[in-house]
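Asks: I'd like to ask some things about the structure below.
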Amino acid sequence: GENVEQHPSTLSVQEGDSAVIKCTYSDSASNYFPWYKQELGKGPQLIIDIRSNVGEKKDQRIAVTLNKTAKHFSLHITETQPEDSAVYFCAASKDTGNQFYFGTGTSLTVIP
Amino acid sequence: KAGVTQTPRYLIKTRGQQVTLSCSPISGHRSVSWYQQTPGQGLQFLFEYFSETQRNKGNFPGRFSGRQFSNSRSEMNVSTLELGDSALYLCASSLRTGGTTEAFFGQGTRLTVV
Chain A
1 GENVEQHPST LSVQEGDSAV IKCTYSDSAS NYFPWYKQEL GKGPQLIIDI
51 RSNVGEKKDQ RIAVTLNKTA KHFSLHITET QPEDSAVYFC AASKDTGNQF
101 YFGTGTSLTV IP
Chain B
1001 KAGVTQTPRY LIKTRGQQVT LSCSPISGHR SVSWYQQTPG QGLQFLFEYF
1051 SETQRNKGNF PGRFSGRQFS NSRSEMNVST LELGDSALYL CASSLRTGGT
1101 TEAFFGQGTR LTVV
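Protein sequence lines correspond, in order, to chains A and B.
Per the working numbering, numbering of the first sequence is gapless, rising by one per residue and ending at 112.
Per the working numbering, numbering of the second sequence is gapless, rising by one per residue and ending at 1114.
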C-alpha cells in the first residue's frame, strides 16, 4: 500500500515569515495530492491540491510543488498570519477510489 | 451550499455496545468516505461508498461496517465497542469516485468508549 511521510511534525515561525512542509510518498501510481488544514475541534479543510500532471500550483499565499521523480511534494505558505496556526496534513490517492493516505500532520504555530 | 453534516457531534458509549454514526454529504455528491482519527494512528481510511455500493475498504475489523442510502446519506456502525475505538470519526464527501476528486470533510463525531 501507499506510505506518506510528513515533516516536520511541529513548526514555529514568526508572523510574516514563510513556512514549508514536506511530504514523500511511496506508490508511483498515486496521482492526486491534497493538503488539509485542521483547526481545533473541526474537521480537515481542503486548502489546495495538485494532480500529477502539474508541477506547481498557487493560490494567493499558498503554493504546492510536486516532484514525481523523487516522489515528494511540499506546501509553501508565505507571509504567515496567526490564523494560519493549525495542523496541516498532506495526503495521496490514486484512481482506484477516494481512499486517501494521510501524512502524520504538522502543527504550525505562527507567533505574532 | 451546505457542507458535510455529521451527527451526532459527541457520543459516549460503554464497552460492548454498538453505535451508529450518520453523514449527510454535500448536495449532489455521491461518494462518501469514512476515516478514523486518533492521536496515535492519525487519519486512517475505513471505507468508501459510491451509489450505495462499497467501493473500497481499509484495514479495519468486521465490527466496522457502513451503508449508503439512495439519497447518498451514509451511516457507519461499530459493534461490540472496544476502548480503542475511541476516536474522531470523519466522513468526507466527493462529487464522484476515482481518487482524483476533491474531498470535503465534516466536523466529525467524537466517540468515547468507557
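Just so you know, even glycine gets a beta-carbon here, dropped at the ideal spot from N, CA and C.
For Leu40/A, which of helix, strand or coil comes out of DSSP?
Replies: coil
Asks: Which residues, in order along the stretch 6 to 18 of chain A, keep a beta-carbon less than 8 Å from a beta-carbon of chain B?
Replies: For the stretch 6 to 18 of chain A, the beta-carbon criterion of a distance under 8 Å to any beta-carbon of chain B is satisfied by none of its residues.
Asks: Could you confirm whether any beta carbon from chain A is found closer than 8 Å to the beta carbon of Ser1024/B?
Replies: no
Asks: What residues in the stretch 41 to 67 of chain A bring their beta carbon closer than 9 Å to a beta carbon of chain B?
Replies: Gly41, Lys42, Gly43, Pro44, Gln45, Leu46, Asp49, Arg51 and Ser52
Asks: Against chain A, does Phe1105/B count as a neighbour if the rule is that its beta carbon must be under 8 Å from one of theirs?
Replies: yes
Asks: Kindly indicate which residue of Leu66/A, Glu56/A and Asp17/A has the alpha-carbon position closest to the one of Ser85/A.
Replies: Asp17/A
Asks: Could you tell me whether the Cβ of Glu1102/B comes closer than 8 Å to any Cβ of chain A?
Replies: yes
Asks: On the CB-based measure, 16 or more other CB atoms within 10 Å of its CB, does Leu40/A come out buried or exposed?
Replies: exposed
Asks: Across which residues does DSSP place Val1114/B in a beta bridge pair?
Replies: Answer is none; Val1114/B lacks a bridge partner.
Asks: Reducing DSSP to helix, strand and coil, say where Gly1042/B ends up.
Replies: strand
Asks: By the three-class DSSP mapping on this structure, what secondary structure does Pro1025/B have?
Replies: Pro1025/B falls in the coil class under three-state DSSP.
Asks: Going by DSSP, what residues sit across from Pro34/A in a beta bridge?
Replies: Asp49/A
Asks: Is there a C-beta anywhere in chain B that falls below 8 Å from the one on Thr96/A?
Replies: yes
Asks: Going by beta carbon distance, what residues of the same chain come within less than 6 Å of Leu75/A, once the five residues before and after it are set aside?
Replies: Ile21, Trp35 and Val64
Asks: Glu1048/B CB to nearest chain A CB: under 8 Å?
Replies: yes
Asks: Can you give the Cα-Cα distance for Arg1063/B and His72/A, rounded to whole angstroms?
Replies: 35 Å
Asks: Put Glu83/A into one of helix, strand or coil per three-state DSSP.
Replies: helix
Asks: Answer yes or no: do Ala1103/B and Phe100/A have a C-beta to C-beta separation smaller than 8 Å?
Replies: yes
Asks: Using alpha carbons as the reference points, say which of Leu1095/B, Pro1039/B and Pro1008/B lies closest to Glu1048/B.
Replies: Answer by Cα proximity: Leu1095/B.
Asks: Going by the CB atoms, is the gap between Gln1036/B and Gln1044/B shorter than 8 Å?
Replies: yes
Asks: Going straight from the alpha carbon of Asp59/A to that of Tyr1010/B, what length do you get?
Replies: 34 Å
Asks: Buried or exposed: which applies to Asp49/A, given that a residue is buried once 16 or more other Cβ atoms fall within 10 Å of its Cβ?
Replies: Looking at its Cβ environment, which holds 16 or more other Cβ atoms inside 10 Å, Asp49/A is buried.
Asks: Under 8 Å between the Cβ atoms of Ser28/A and Asn3/A?
Replies: no
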